[in-house]
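Residue numbers for the sequence shown follow the working numbering, beginning at 12 and rising by one.
We put the beta carbon where it would ideally sit given N, CA and C, even for glycine.
Source: prediction; values computed, not measured.
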Amino acid sequence: MPNDIAFLLLALTVSLVTMAAALPAVMGNVNAAARRAQAGVGLQALGWVLLLLSGWVESGAWQDRLFSSLSMACLAGGLALLAGAFDLWCGRPALDRIPTLIAVVLPVGYALGFSNYPFRVGWANGLLALQMAMVAASLARTPAVPVGRWRWLLVVSLLAQMVVTAWRGLLGAFFTESYPSFLSPHPVNYAFAVVANATSVLSLVGILLAHRDEAALALERLASLDGLTGVFNRRAWLAKANVELAVSVRYDHPLAVVMIDLDHFKQINDKLGHEAGDRALRLVASLLLATARTGDVVGRYGGEEFCVLMNHADSAAANAFDRRLRERLTDAASRELGFALSYSAGIAMRTAFDDSVQAMLARADATLYRAKAQGRARTFTLDETGLRLHAMETPSAC
């Protein structure tokens with residue numbers, strides 16, 4: 012019977028080593044979350060290798076203490092890394108302080124109390140079970156980004172491992188005669204070995220699904236964002252603008268479209284080079300994002316043109332946005348670009364329940380053209396009171 016336990020744990024170790032070797036090849040060029048997951052699985056595999064090695068040396072010898080303590084460090088450290096990976100995949104910062112603290116104190120306490128078998132078994136399994144519970148609880152929280160069902164697969168795996176790990180810890184700490192060694196043929200030990208083998212496969216599936224979901228979201232972001240400026244591209248901006256317009260019509264709240272065109276942009280490219288033009292576009296995009304309110308939609312409409320759809324915004328709010336943007340651009344352009352930069356803008360308001368994004372854009376574009384025709388570096392607003400000049404500043408020079 013002990014040989015059966017040894018075989019099951021050897022099979023678990025082989026599975027984890029295989030997973031650790033396969034994940035980098037399957038995932039390819041990865042980001043921080045996937046790297047943490049790969050490192051976490053790698054440490055888990057190393058931990059089980061060391062734990063099996065400790066069974067091949069004299070019990071209680073210094074080699075046994077070393078291999079076993081290092082094994083606990085790897086197992087707890089691997090869980091802490093996986094916790095960080097799961098948080099990143101859920102759109103949260105990887106700040107798992109408690110799992111990380113457990114990864115530090117567990118091997119230290121284990122090494123210091125190694126000569127006391129009930130203590131070290133209860134200490135190690137109890138803290139590992141607590142660590143699993145913390146990671147499962149973090150995964151069960153509402154994620155900050157849309158994720159698939161993989162997190163519930165991981166929650167089930169972690170909770171199953173937690174139960175058998177805590178059970179084994181209680182058995183070794185308080186009923187030592189029933190569990191006198193790591194390979195004791197006790198039903199709890201069999202349950203632990205079987206559950207560990209099964210959940211290792213489930214965890215691998217969960218990790219791969221999480222990575223796939225993240226890759227899909229990254230592709231979706233790439234398809235939606237302008238590659239140079241990082242704001243929505245024209246197609247994505249129009250799609251989101253149409254959704255927001257429908258909401259605006261349904262609840263009858265005001266909506267504004269601000270169309271912005273950089274002044275003398277061709278001269279910047281011709282005189283200073285396209286790199287200077289690219290830096291100017293990136294600066295304006297970053298200022299638009301910084302100035303926009305929560306719920307506003309910023310996009311690059313084409314070339315040096317940007318559009319902002321402003322939710323719950325009347326003409327006063329749109330004009331205030333324009334004023335803040337001009338002030339920030341005046342301050343930032345000379346400092347970050349080394350030359351002055353200005354823009355012309357047209358603002359159009361939603362005027363009727365049958366209004367459309369294209370109609371609003373057409374009115375904003377016509378209003379923008381009026382600003383260009385009258386000297387640039389100014390904003391015209393078209394609302395229910397008619398066309399009027401809102402803001403004006405000294406034209407740019409390059």
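Run of the alpha helix (DSSP H) containing residue i, from where it starts to where it stops
i, result
"Arg131", "Tyr128 to Ala151"
"Ala50", "Ala43 to Ser65"
"Asp281", "Phe276 to Leu283"
Residue i (DSSP reduced to helix, strand or coil)
i, result
"Cys409", "At Cys409 the pLDDT is 47, less than 50, meaning the model places this residue with poor confidence and gives no usable figure here."
"Leu294", "helix"
"Cys318", "strand"
"Arg160", "coil"
"Trp239", "In the sequence under discussion, the amino acid at residue 239 is Leu, which differs from the Trp named in the question. Of the three classes helix, strand and coil, the one that applies to Leu239 here is coil, per DSSP."
"Ala96", "helix"
"Gly310", "strand"
"Asp289", "helix"
"Val37", "helix"
"Pro6", "The question about residue 6 has no answer, for the chain in this structure spans 12 to 409."
"Arg304", "coil"
When the options are compared against residue i, the one with the closest alpha-carbon
i, options, result
"Asp376", "Ala327, Leu181 and Gly313", "Gly313"
"Glu338", "Ala327, Leu352 and Ala227", "Leu352"
"Trp100", "Ile218, Met38, Phe125 and Thr390", "Ile218"
"Leu366", "Val308, Ala252 and Thr341", "Rather than Leu, the amino acid found at residue 366 in this sequence is Asp. Minimum Cα distance to Asp366 is reached at Ala252."
"Leu27", "Leu379, Asn42, Cys85 and Leu81", "Cys85"
"Val205", "Ala227, Asp224, Thr176 and Val216", "Thr176"
"His323", "Val308, Phe317 and Phe391", "Val308"
"Thr24", "Val60, Leu54 and Met38", "Val60"
"Thr57", "Met83, Ile271 and Leu106", "Position check: residue 57 holds Leu in this sequence, whereas Thr was assumed. Checked all of Met83, Ile271 and Leu106; the closest Cα to Leu57 is Met83."
"Trp178", "Val216, Asp237, Phe203 and Leu194", "Phe203"
First through last residue of the beta strand (DSSP E) which encompasses residue i
i, result
"Gly105", "Strictly speaking, residue 105 in this sequence is Ala, with Gly absent from that position. Ala105 -> no beta strand (DSSP E), and no H or E assigned at all."
"Val5", "In this structure the chain extends from 12 to 409, so residue 5 is not present and cannot be described."
Cβ neighbour criterion (16 or more within 10 Å) applied to residue i
i, result
"Asp263", "exposed"
"His275", "buried"
"Pro118", "buried"
"Gln74", "exposed"
"Glu225", "buried"
"Ala36", "exposed"
"Gly133", "buried"
"Gln385", "exposed"
"Leu138", "buried"
"Asp98", "buried"
"Glu418", "The shown model of the chain, from 12 to 409, leaves out residue 418, and the question about it has no answer."
Residue-chain proximity (residue i, chain C), Cβ-Cβ < 8 Å
i, result
"Ala247", "Although the question refers to chain C, the structure presented lacks it and comprises just one protein chain."
>> Runs of 4 residues minimum, wholly inside the region 321-403: which ones carry the alpha helix (DSSP H) assignment?
In response: For the region 321-403, the continuous alpha helix (DSSP H) assignments of 4+ residues that do not extend past its boundaries occur at 326-343 and 368-384, in sequence order.
>> My parser needs the beta strand (DSSP E) runs of 3 or more residues fully inside the region 186-248; what are they?
In response: Complete beta strand (DSSP E) runs here, min 3: none at all.
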